[in-house]
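K.L.:
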Amino acid sequence: MTKLTFIAHDGTHFDMDAENGSSVMENAIRNAVPGIEAECGGACACATCHVYVDDAWTAIVGEPEAMEEDMLDFAYDVQPNSRLSCQIKVRDALDGLVVRVPERQG
1 MTKLTFIAHD GTHFDMDAEN GSSVMENAIR NAVPGIEAEC GGACACATCH
51 VYVDDAWTAI VGEPEAMEED MLDFAYDVQP NSRLSCQIKV RDALDGLVVR
101 VPERQG
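Just so we're aligned: the sequence shown equals residues 1 to 106 in the UniProt record's numbering.
1) Quick one: what does DSSP say Ala-56 is sitting in, helix, strand or coil?
2) With a CB to CB cut of under 8 angstroms and the five nearest residues on each side skipped, what residues in its chain are close to Ser-23?
3) Assuming Asp-17 contacts Met-1 under a Cβ cut-off of 8 angstroms, what Cβ separation, rounded to an integer in Å, is found between them?
4) What are the boundary residues of the beta strand (DSSP E) that includes Met-16?
5) For Ala-38, I'd like the list of residues in its chain whose CB is within less than 7 angstroms of its CB, leaving aside the five on either flank, ordered along the chain.
6) Could you tell me the boundaries of the alpha helix (DSSP H) in which Ile-29 lies?
7) Bridge partners for Val-101 per DSSP, in chain order?
8) Quick check on the burial criterion: 16 or more other C-beta atoms within 10 angstroms. Buried or exposed for Met-71?
9) Let me confirm a value: Ile-60 is counted as buried when at least 16 other C-beta atoms fall within 10 Å, else exposed. Which label applies?
10) Residues in the same chain with beta-carbon distance under 8 angstroms from Asp-54, minus the five sequence neighbours each way, listed in chain order, please.
11) Hey, how far is the Cα of Glu-68 from the Cα of Thr-58?
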């Protein structure tokens, strides 16, 4: 299992164990992380699972693909470390990943 930490906008930490191959968004929904709406269910067709990847993890997580970049245009307060959590696949290299949830989605 890979450990993930979500930090909600109010500072609350949500620590969880995630199965490799699942998406970061799926784990947020499963663990009722506030602020992750995931309206499209992970199809990269909205921006309601927007997160900020902790600076220590941006290189390991990697850059968004073109379709994800297009969807990020609809996200609120996009930063250089913005990603859609539905597009981040859990893998061993992400053990300990920290992401922050923005103030609001869309």
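From the three backbone atoms N, C-alpha and C, an ideal C-beta is built for every residue, glycine too.
P.N.:
Short version:
1) Within the sequence shown, residue 56 is the residue found at index 56, counting from 1. In the displayed model, Ala-56 falls within a helix according to three-state DSSP.
2) Residue numbering aside, residue 23 sits at position 23 when the sequence shown is read from its first letter. Excluding sequence neighbours, Ser-23 sits near Gly-42, Ser-85, Cys-86, Gln-87, Ile-88, Lys-89 and Val-90.
3) Here the question's residue 17 lines up with position 17 in the sequence shown. Here the question's residue 1 lines up with position 1 in the sequence shown. Yes, they are in contact, since the Cβ atoms of Asp-17 and Met-1 sit about 4 angstroms apart, within 8 angstroms.
4) Working through the sequence shown from its first residue, we reach residue 16 at position 16. Segment 13–18, the beta strand (DSSP E) holding Met-16.
5) Here the question's residue 38 lines up with position 38 in the sequence shown. If the five residues before and after Ala-38 are omitted, its C-beta is found closer than 7 angstroms to the C-beta atoms of Met-25, Ile-29, Thr-48, Cys-49 and Cys-86, all from its own chain and listed in chain order.
6) For the purposes of this step, residue 29 is taken as residue 29 along the sequence shown, with counting starting at 1. 24–30 is the extent of the alpha helix (DSSP H) around Ile-29.
7) The sequence position of residue 101 within the sequence shown is 101, counting from 1. BP columns for Val-101 are empty, so no partner.
8) Reading the sequence shown from its first residue, position 71 is the one you call residue 71. Flag for Met-71 reads buried.
9) Against the sequence shown, residue 60 aligns to sequence position 60. Classification of Ile-60: exposed, given that the 10 Å Cβ count is below 16.
10) Locating residue 54 in the sequence shown gives position 54, where the first residue counts as 1. Same-chain partners within the cutoff: Asn-81, Leu-97, Val-98, Val-99 and Arg-100.
11) Locating residue 68 in the sequence shown gives position 68, counting from the first residue. Locating residue 58 in the sequence shown gives position 58, counting from the first residue. Glu-68 and Thr-58: Cα-Cα distance of roughly 15 angstroms.
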